[in-house]
Structure formats: C-alpha cells, structure tokens
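Trainee:
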Amino acid sequence: MTDKQNIQKAFVCGWPIKHSRSPLIHSHWLKELELEGSYEKISVTSEDFAQFLNSLKENGFAGGNITIPHKEHALELVDDLDDAAKKIGAINTIWFEGDRLIGSNTDWIGFASNLDQYVQGWDNKEKIKKPALVLGAGGAARGIVYALLQRGFQKILIANRTYEKSIKLAEDFGPKLKAIPMGDLENIPSDLSLLINTTSLGMSGHQSISPTIVEMISNLGLETIVTDIVYIPLKTEFLKCAEDRGLSVVDGLGMLLHQAAPGFEKWFKKFPTVSQELRNLVIADMEKSE
Ligand code: NAP
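Quick note, the sequence shown lines up with residues 46 to 335 if you use the numbering used here.
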C-alpha cells in the first residue's frame, strides 16, 4: 500500500479556477513519469488567499501554481522571491525550501522555451541586434520583456493601447526598451527580429486586430518571426495575417506548456518533457470546451 504521507501534493489556486488546464498538464506528467503525486484545482477567493498560503505546509503541499487574481498579492506573502518574480512583479509558481515559501514567475521560461522548440536561432547574435516589437503592456508583456532581456535582445519596442502603461513598462525595465505610440506602428522598421502579440486581442470572443497592425505586418521583412501568446484559438487572426505575409509563426500553447515544467520539477523532483502527445491532449481538451 502507498504511504500517503510520502505522496507529493501540488495545486493551482485562483478565482475562478474551473477552466484551468494545469491539472491536465501535471497529471499527464505524473502518469508519464510514473510518480506518486497529486495536482489539484483549488478555488480560493482574495479574502482567503493569505490564510490559504499560511496553511499550505500543514496541509502537506510541496507547492503549487497561483493564477488570477492572486499573482500580485502573492508577492507580499511569500518568504523569498527570485529575480524573475521581482522584475515581472507577479508570481505564478511557489514551493518550499525547508520552511521558507519561495515565489517565482516562470512565464518567461515558457515563452523562451516555446521559441527554442520551434524556431532554431531565434535569439542568435544577429537576431538580438535587431529590434523586437512587443504589442501590449499588461502582466504577460512583463514576462516576455524579461525573457527577451535574458536572451540578450538589445532593442525592445513596446506599443500598447494605453500609451502610459507602455512608458511605465519601459521605465521599469531600462534603456533597452522604448515605448512607441500605436500611431507610430506604420513607421516601424521592417527588419524586426520578432513581433509578439501579448494583448488579449484575438482571444475567442474578443475584438479582432486593427488595420494598422495588419498594414504593419504586410510591410515586414520575411526574416521576422511572429508569435502570439494567446492560444485560444490556436491560430489567431494575428498569426493568420503573418502567415499570409509568408512569415514564420509560433502559437502560444507551447508557452503555457513550458511554463508549467519548472514548477513540476520543484514539487516532484523530475523535469518533464513538453511532448507532441501533451500538446495534442490539451488541444483535444480545448476543442471539447469550444
Ligand atoms: P492584462 O494584464 O489584462 O493585459 C491585457 C493587454 O491587452 C493590455 O496591454 C491591454 O491594453 C491589451 N488589450 C486588451 N484589450 C484590448 C483591445 N481591445 N485593444 C487593444 N489592446 C487591448 O492581461 P495579460 O495577463 O497580460 O494577458 C494577455 C493575454 O495573454 C491574455 O489573453 C492571456 O490569456 C494570454 N496569456 C497567455 C499565456 C500563455 O501561456 N500562452 C500566459 C499569460 C497570458 P491596455 O493596457 O490598453 O488595457
């Protein structure tokens, strides 16, 4: 009989949490690696969040994932933060080191690993000299900017509907960043190394991309790699537009899968693989919920 005491337990908590696909991902890895462990969805309100974190140890959790709306609140509640969480300003993964609760943000790893998997040389020494353009300045954009800086990109342009937010993001991350007004997108250099959509535009049920962005994409050189972090639908209008222009595109599902791996390793002590089988499993689940 299995000793229940030795089973590693992890979770994802948020409010609402019903639609989270993290349990599907982690349960797949637990099964694939033949590990004794559990990963559950826990619905936690903002009022209960601090108490929930305080009782993790006594409830036998090795750690877990934190999602909306607790990602920023968690910064104040953990004992220590890694550099990514500090710079990004949000936590999505926590684990214990002894009695100390550590917080990290792994979205940037998810983003970079997704491109590593699909576009060899996306961050080579020629690419990092050319500008990367990030559309959006929300929470996810901060993770993307952190990833680009980690990989050595020397010029990162940020364009966002609310210009003030892109200025703030550029100030927070330093001189390699420049905020540009949306109206200036038509003058963007055509030799971008990367174009990244981090806005929620293009998500199922949301507004479609603007004519300015369509026009900009049609003027880009064929070397530009285009990625969207929105993954429902998998092929967003933004990616379709880039594909029509003949550009290489990468969808956002790989980011979701890869961001989960470092947490799994912390709790269950094995680094999992982001395989085609896992990707197919999540796509099938997405199709089921359409
Ligand atoms: P957020 O903090 O709410 O930011 C939303 C961003 O989208 C802001 O820049 C916002 O601009 C912009 N936006 C929203 N509606 C817009 C519109 N109608 N026109 C132009 N811009 C608009 O959200 P987030 O956490 O950054 O997430 C953004 C998207 O990324 C979501 O769809 C999320 O599901 C996805 N995401 C995917 C992954 C993954 O693993 N693939 C990870 C994280 C997030 P303003 O500042 O002007 O409001």
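Don't be surprised by glycine CBs; every beta carbon is placed ideally from N, CA and C. As the structure is a prediction and not an experimental result, all values here were calculated from the model.
Is T244 a contact residue of the ligand NAP, with contact defined as CB to any heavy atom under 8 Å?
Mentor: Your numbering for residue 244 matches position 199 in the sequence shown. Correct: T244 has its Cβ closer than 8 Å to the ligand NAP.
Trainee: If you compare alpha carbons, which of Q252, I241 and S67 is closest to P176?
Mentor: What you label residue 176 is simply residue 131 of the sequence shown in a count that begins at 1. Comparing Cα positions, the closest option is I241.
Trainee: Just to confirm the assignment: which complete alpha helix (DSSP H) runs, minimum length 4, are found wholly within the stretch 202 to 241?
Mentor: 208 to 218
Trainee: Could you give the DSSP three-state label for N325: helix, strand or coil?
Mentor: What you label residue 325 is simply residue 280 of the sequence shown in a count that begins at 1. Helix.
Trainee: Decide yes or no for the touch test of the stretch 206 to 224 against the stretch 141 to 158: beta carbon pairs closer than 8 Å, at least 3 of them.
Mentor: no
Trainee: Between R206 and the ligand ZN, is there a pair consisting of the residue's CB and a ligand heavy atom that are separated by less than 8 Å?
Mentor: Absent from the structure shown: the ligand ZN. Ligands present: the ligand NAP.
Trainee: Kindly provide the ranges of any alpha helix (DSSP H) runs that are 4 or more residues long and lie completely inside the stretch 266 to 315, ordered along the chain.
Mentor: 282 to 289 and 298 to 313
Trainee: Which of helix, strand or coil does DSSP assign to T138?
Mentor: Here residue 138 refers to the residue found at position 93 of the sequence shown. Note: T138 maps to strand in three-state DSSP.
Trainee: Buried or exposed: where does Q336 fall if 16 or more other Cβ atoms within 10 Å of its Cβ makes it buried?
Mentor: The chain is shown from 46 up to 335; residue 336 falls before or after that span and cannot be answered.
Trainee: DSSP three-state label for E77, please.
Mentor: Looking up residue 77 in the sequence shown gives position 32. Helix at E77.
Trainee: For the beta strand (DSSP E) that F56 lies in, which residues bound it at each end?
Mentor: Walking along the sequence shown from the start, residue 56 turns up at place 11. It spans Q53 to G59 - the beta strand (DSSP E) in which F56 sits, taken as one unbroken run.
Trainee: Measuring CA to CA, which of H73, Q199, G109 and M248 is closest to K174?
Mentor: By one-based count along the sequence shown, residue 174 stands at place 129. Comparing Cα-Cα distances from K174 to each of H73, Q199, G109 and M248, the minimum goes to Q199.
Trainee: Considering Cα atoms alone, identify which of I113, E335 and L202 is closest to L178.
Mentor: Residue mapping note: residue 178 aligns to position 133 of the sequence shown, counting from 1. Comparing Cα-Cα distances from L178 to each of I113, E335 and L202, the minimum goes to L202.
Trainee: So what does DSSP say about K131, is it helix, strand or coil?
Mentor: Start at 1 with the first residue of the sequence shown, and residue 131 comes out as number 86. Looking at K131 - three-state DSSP - the assignment turns out to be helix.
Trainee: The ligand NAP heavy atoms versus the CB of L301: any closer than 8 Å?
Mentor: Here residue 301 refers to the residue found at position 256 when the sequence shown is read from its first residue. Within the cutoff, so yes.
Trainee: Let me know if G228 comes out buried or exposed under the rule of 16 or more other beta-carbons within 10 Å of its beta-carbon.
Mentor: By 1-based counting over the sequence shown, the position of residue 228 is 183. Exposed, since its Cβ has fewer than 16 Cβ neighbours within 10 Å.
Trainee: Examine the Cβ distances between the stretch 51 to 58 and the stretch 90 to 108 and report whether three or more of them are shorter than 8 Å.
Mentor: yes
Trainee: Within a Cβ cutoff of 8 Å, which residues of the same chain sit near D48, ignoring the five residues on either side of it in sequence?
Mentor: One-based indexing of the sequence shown puts residue 48 at position 3. Confidence is the limiting factor: at D48 the pLDDT is only 49, short of 50, which leaves the residue's position unreliable and the question unanswerable from this model.
Trainee: Who are R145's beta bridge partners in DSSP?
Mentor: On the sequence shown, position 100 is the one that residue 145 refers to. Answer is E142, bridged to R145.
Trainee: Look up V179 in the DSSP assignment and give the residues it is bridged to.
Mentor: By 1-based counting over the sequence shown, the position of residue 179 is 134. Partner(s): I203 and I241.
Trainee: In angstroms, rounded to a whole number, what distance separates the CA positions of S245 and W312?
Mentor: In the sequence shown, residue 245 corresponds to position 200, counting from 1. In the sequence shown, residue 312 corresponds to position 267, counting from 1. Their Cα atoms are separated by approximately 31 Å.
Trainee: In three-state DSSP terms, what is F97?
Mentor: Numbered from its first residue, the sequence shown carries residue 97 at position 52. DSSP places F97 in helix when its eight states are reduced to three.
Trainee: Rounded to a whole number of angstroms, what is the C-alpha to C-alpha distance between E335 and Y276?
Mentor: Along the sequence shown, one-based indexing puts residue 335 at 290. Along the sequence shown, one-based indexing puts residue 276 at 231. Straight-line measurement puts the Cα of Y276 at about 13 Å from the Cα of E335.
Trainee: In angstroms with no decimal places, state the Cα-to-Cα distance between Q321 and N205.
Mentor: Translated into positions along the sequence shown, residue 321 becomes position 276. Translated into positions along the sequence shown, residue 205 becomes position 160. Taking the straight line joining both Cα atoms gives about 33 Å.
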